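Worksheet for the structure shown next.
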Amino acid sequence: MSKNKDGSETIVITGNHAVSYAVKMARTQVVAAYPITPQTQVVELLSKFCEDGIMDARFIKVESEHTSMASLIGASSAGARTFTATSSQGLALMHEMLHWAAGARNPIVMANINRALGAPWSIWTDQNDSLSQRDTGWIQYYCESNQEVFDTVLQAYRVAEKVLVPVMLVMDAFVLSHTAEPVAIPAQEKIDGYLPPFKPSIKLDTNAPAAYHGLATPDFYMEFRKKLQDAQDKAKTVITQADDEFASVFGRKYGQVELYGSENPDILLVTSGTVTGTAREVIDEQNAAGKNIALLKIRVFRPFPSSQVREACARAGKIAVLDRNIGFGVGGIFAQEIRAALYGHVDVQVQSYIAGLGGRDITPSTIREILSQAETRDENNGESIWVGVKE
Amino acid sequence: MEKKKISYSNISEMPEVAVAEGSMMVNKTGSWRYLRPVYREKLAPCRKGCPLGTDIPRVIALITQEKFQEAWELIVETNPIPAVTGHACYHSCENSCTRIALDDRVGVQALERFLADRQLETPFPYAPAPATGRKAAVIGSGPAGLAAAWALVRHGYKADVFEKGPEAGGMLRSTIPSYKLSRDILDKELERLKKFGVDFILNTEIGTDKQLADLGDEYDAVIVSTGITSSGESLFPDETAPLVYKGLEFLHLVNSSSSPEIGPEVIVIGKGNTAVDSARCARRLGSSAKILTLCGRPAVSASNQEIKSAEAEEIELLCQAEIVSSRIENGKVVLELIGLKSIEEGEESPPDDPYIPGSEFTVTADTLIEAHEESTSISGDFESFLKQDNVFSAGDAATGTSSISHAMKSGIAAAATVITSSLEPSDKRDEMPLFNLMGMNRDCFGKASQVELPVRSLPDGMLDFSELIETISAQDAVYESGRCISCGVCNFCDTCMTFCPDFCIRRIPDGYEVDLDYCKGCGICVQECPRDVIDLIQEGS
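Read top to bottom, the protein sequences are chains B and E. Numbering of the first sequence is given in our numbering, commencing with residue 1 and proceeding in unit increments. Numbering of the second sequence is given in our numbering, commencing with residue 1001 and proceeding in unit increments.
Here's what the structure looks like:
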């Protein structure tokens, strides 16, 4: 542990524990969770914090992820700041309640450790679990480093409680969740200043009893859906504000997307999650060898940062999207989203590359292979290219 | 109340989420129901096991609420001498305690004793019924006679209890050793019965001091509860004390002012409580003691608790042996014995050759106490007397050796026959469904060990005739009663009300009511009830 000039302390912790520390320091009041690899350490440490009395929260042990989310919906409706974490099959089991939390406008924050879905069983990383939940109404952040994980938890509460939409923080299994890195832990007073207590505008109140979320007839249902969409739209601004303010207090800023390298590259490689770190190295190496390649990291996936993506792609020669996921019957999910954002605005080739499913390593040579294919390939038929499949 | 707007023409007027600020009571969800919860108490195993049918779960529930007098008042509804039973009953109720499956039985005896010892001076909370003008004679003042007389007086009879000795109590005084039941306690319980209206006619032996025929003329009914007497052939019919005693005679002497003379080594023959009592008394008179059961260990009928106490007092229990021969040699009893093969489980009869070859052994003693056979004291004139319509037998005299509470039950039953109507409170147990373990919600019960009984401390190896076990404290009584599952008996824990998702269970003075306008019949209350009090029945059934 080392004390920094700004009052923070740097400790070496895993991505999972970065979540735990941030949740504790956010003064979360209710945690309900069910263990699943690779998420377990997150809640294990939180339960210890609660047991040791250094975190003033109610830790609810539940029998399933469905119940953990249902419990938090109750706690959040009663005005508590809430948290859970899960992964893969657990997230899938939660699916029904994810829709409910968003519809009920509960600003719950959840960490999802990206783990591939069965069958066949896998415990290793890919993004299909979280991307399967893209239409549930949740905001989604994809993180690259443990520091970003810690910081994003704090930003997530700021955003969620402002727009009353739940936030899912996503990180790669093992590559980030179980890898230790130095993380600067800010002083508690600074965090308290950035993240004041949750004061909900909608709250269960025994003095003013009311039934919530009952049957909405066709006369009204559509309006409530529109309000959720409006909240997602509003979140685009709020996410940026939360990030800017974070930068002014803590000196770190992430953006909804991050452009790394030239504004008019021959190839713009798009990544999300930990692959981004590997890609930064490869691009530096290739540009040093005379190439003109840039990197676009997508950090916020919902609401989708269409305008930032359009801006970054506007002067690129080609776009190569690295998807650690697969939308069966279509192709890489990030690629689809980017194509949709660009359509009618930017006329550029968007190539889709599928790699690293089920935890297969994406090494610098995997990225070199993608870039080399992107350089020579000149087609825009929408089909995804599978990288590294044994043939 | 301000009327809230419930219809909107513009999205901007609408709240962020759907909220119904009006009442939902208009939606009577009870119409969806096809199953209905009904509160139906079950018969707890302890109450089933109690000969007197005492409502043990309710007594215990009152202790948890520290309503000690009320708890005692509930006991004396069915039991007129609760301190006697609290000290000396074998509590068959405890043997069927559901809690045994979790950790250990609830100490019902300790709880009963705690309550009874607090209320020794308290009169019964009820008065006898108005006098009917009828009168009954009860012969013998043991537990059966006392219970019969109490029941008769309670129902407006005059009851005269005849006792041949100078003090009432029968076997409670003459047989039960004072280290189990202090005579002060017994006297207090008898005093209460006297005040209630039971008349004791002492020093009057029927057949000697007063004739049977006269009783039949003077009284509307007679109950014969004269107990048991030692019987069986003696190994040494010509020998007398201090070499040979009969079990009950020996105990009578121990309990009289003159203690019997015995030698330093005592052998007791018998497998029941009389044998164990005799041996424990012999130890207290300064002798060593062995018990020859003449049967296998499983056939020993003395209570386990008694056997444990006896073993703790260094009394050896010799089982699975038969006497081959006996003699008196140099003023000592000499018994030659041989070991018996044990009958394995599932085998119907003993093997052809039941003896273990080479297992012969010899025991010698200065005193032999024969406590192996007891039978009713009713004989001769009494037998023909009992044939009369208004004469009944009760207690051990009628049933043979049993227990205090079984004898009391028999006395109450005889009184009921005299009165020729069922007694109030009648025993409703037959009508109650049995508690079902499957209906219990095990999640509600953690482990909790039984309260430790306080034992009077004595110098090492010393034993005396004062009570060995002491009464538990109020704090321990509340703790111990908290262990009770209250099988099948609602103790107002509110679990049903707490878990009802429709908020349609409400507390009423005697229990709960279900608002059937809204109960959907989900059955959650039935599942959650810790103690099998609620049943789910089909609508229309």
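All residues carry an ideal CB built from backbone N, CA and C; glycine is no exception. For clarity, every value in this text was computed on a predicted model and none was experimentally measured.
is_contact[residue i, chain B] using C-beta, thresh 8 angstroms
i, result
"ILE1524 (chain E)", "no"
"VAL1026 (chain E)", "no"
"GLU1016 (chain E)", "yes"
"ILE1011 (chain E)", "yes"
"VAL1019 (chain E)", "yes"
"SER1422 (chain E)", "Reliability fails at SER1422 (chain E), whose pLDDT of 46 lies under 50, so the model's placement of it is uncertain and the value that follows must be treated cautiously. Answer no: the Cβ-Cβ gap between SER1422 (chain E) and chain B never drops below 8 angstroms."
"GLU1528 (chain E)", "no"
"MET1001 (chain E)", "Confidence at MET1001 (chain E) is low in this model, with a pLDDT of 43, below 50, so the placement of that residue is unreliable and no value is reported for it."
is_contact[residue i, chain E] using C-beta, thresh 8 angstroms
i, result
"LEU164 (chain B)", "yes"
"PHE224 (chain B)", "yes"
"GLY79 (chain B)", "no"
"ALA439 (chain B)", "Past the boundaries of the shown model lies residue 439 (chain B); chain B is included only from 1 to 391, so the question cannot be answered."
"PHE198 (chain B)", "no"
"ARG105 (chain B)", "yes"
"LYS61 (chain B)", "no"
"THR10 (chain B)", "no"
"LYS227 (chain B)", "yes"
"PHE392 (chain B)", "Given that chain B is displayed from residue 1 to residue 391, the structure contains no residue 392 (chain B) and the question cannot be resolved."
"PHE220 (chain B)", "yes"
Contact under 8 angstroms by Cβ, residue i with residue j
i, j, result
"MET69 (chain B)", "MET97 (chain B)", "yes"
"ALA320 (chain B)", "LEU357 (chain B)", "no"
"VAL19 (chain B)", "ALA92 (chain B)", "no"
"ALA78 (chain B)", "VAL109 (chain B)", "no"
"VAL387 (chain B)", "ILE354 (chain B)", "yes"
"GLU1021 (chain E)", "ILE202 (chain B)", "no"
"LEU176 (chain B)", "ASN128 (chain B)", "no"
"THR1471 (chain E)", "ARG1113 (chain E)", "yes"
"ALA1159 (chain E)", "ASP1220 (chain E)", "no"
"VAL1478 (chain E)", "GLU1066 (chain E)", "yes"
"LYS33 (chain B)", "ILE113 (chain B)", "It is Ala, not Lys, that sits at residue 33 (chain B) in the sequence shown. No. Outside cutoff."
"ALA102 (chain B)", "THR136 (chain B)", "yes"
"SER1058 (chain E)", "VAL1489 (chain E)", "Going by the sequence as given, residue 1058 (chain E) is Arg instead of Ser. Closer than 8 angstroms, so yes."
"GLY1169 (chain E)", "LEU1186 (chain E)", "yes"
"VAL1334 (chain E)", "THR1364 (chain E)", "yes"
"ARG377 (chain B)", "VAL282 (chain B)", "no"
Residues bridged to residue i [DSSP beta-bridge criterion]
i, result
"GLU285 (chain B)", "DSSP output for GLU285 (chain B) lists no bridge partner at all."
"TYR260 (chain B)", "B:LEU295"
"LYS3 (chain B)", "B:GLU9"
"ALA1371 (chain E)", "In DSSP, ALA1371 (chain E) forms no bridge with anything."
"GLU1336 (chain E)", "E:SER1325 and E:THR1362"
"VAL1418 (chain E)", "Looking at the DSSP assignment, VAL1418 (chain E) forms no beta bridge with any residue, so it has no partner."
"GLN349 (chain B)", "B:LYS318"
"LEU269 (chain B)", "B:LEU295 and B:ALA320"
"PHE83 (chain B)", "B:VAL31 and B:VAL109"
"ASP1160 (chain E)", "E:ALA1137 and E:ASP1199"
Problem - the stretch 1034-1041 of chain E contacting the stretch 253-268 of chain B, beta-carbon criterion three pairs below 8 angstroms - result: Of all C-beta pairs linking the stretch 1034-1041 of chain E to the stretch 253-268 of chain B, fewer than three are shorter than 8 angstroms, placing the two stretches out of contact.
Handout entry: Residues, ordered as in the chain, of the stretch 188-213 of chain B that lie near chain E by beta-carbon distance below 8 angstroms
Key = Answer set for the stretch 188-213 of chain B: SER201, ILE202, ALA210, ALA211, TYR212 and HIS213.
Problem - Touching by the beta-carbon criterion (3+ pairs, under 8 angstroms), the stretch 1129-1143 of chain E and the stretch 1392-1408 of chain E - result: A contact exists between the stretch 1129-1143 of chain E and the stretch 1392-1408 of chain E.
Exercise for the section: Name, going along the chain, the residues of the stretch 1021-1050 of chain E whose beta-carbon falls closer than 7 angstroms to a beta-carbon of chain B. Expected result: Along the stretch 1021-1050 of chain E, the positions whose C-beta sits under 7 angstroms from a C-beta of chain B are GLU1021 and MET1024, read in chain order.
Practice task
Could you tell me whether the stretch 278-294 of chain B touches the stretch 328-337 of chain B, where touching means 3 or more Cβ pairs closer than 8 angstroms?
Solution key: Cβ pair count under 8 angstroms is below three, so no.
Handout entry: Three or more C-beta pairs below 8 angstroms linking the stretch 1187-1205 of chain E and the stretch 1123-1130 of chain E
Key = With a cut-off of 8 angstroms, the stretch 1123-1130 of chain E and the stretch 1187-1205 of chain E count as touching, because enough Cβ pairs lie within range.
Practice task
Take every Cβ of the stretch 127-141 of chain B, pair it with every Cβ of the stretch 40-52 of chain B, and state whether three or more of those distances are shorter than 8 angstroms.
Solution key: Using a Cβ-Cβ distance cut-off of 8 angstroms, the stretch 127-141 of chain B and the stretch 40-52 of chain B are not in contact, since fewer than three pairs of beta carbons, one from each stretch, lie closer than that value.
Exercise for the section: Evaluate the contact criterion for the stretch 118-132 of chain B versus the stretch 324-334 of chain B: three or more CB pairs, one atom per stretch, below 8 angstroms. Expected result: By the C-beta criterion, the stretch 118-132 of chain B is judged to be in contact with the stretch 324-334 of chain B, since at least 3 inter-stretch pairs fall below 8 angstroms.
Practice task
Taking 8 angstroms as the threshold, find out whether the stretch 1488-1501 of chain E comes into contact with the stretch 1527-1535 of chain E through three or more Cβ pairs.
Solution key: Output reads yes: the stretch 1527-1535 of chain E touches the stretch 1488-1501 of chain E.
Problem - Contact between the stretch 1203-1213 of chain E and the stretch 1160-1176 of chain E (3+ Cβ pairs under 8 angstroms) - result: Yes: the two stretches touch, three or more of their Cβ pairs being nearer than 8 angstroms.
Practice task
Taking 8 angstroms as the threshold, find out whether the stretch 264-284 of chain B comes into contact with the stretch 203-220 of chain B through three or more Cβ pairs.
Solution key: Here the stretch 264-284 of chain B does not lie against the stretch 203-220 of chain B, with fewer than 3 beta-carbon pairs under 8 angstroms apart.
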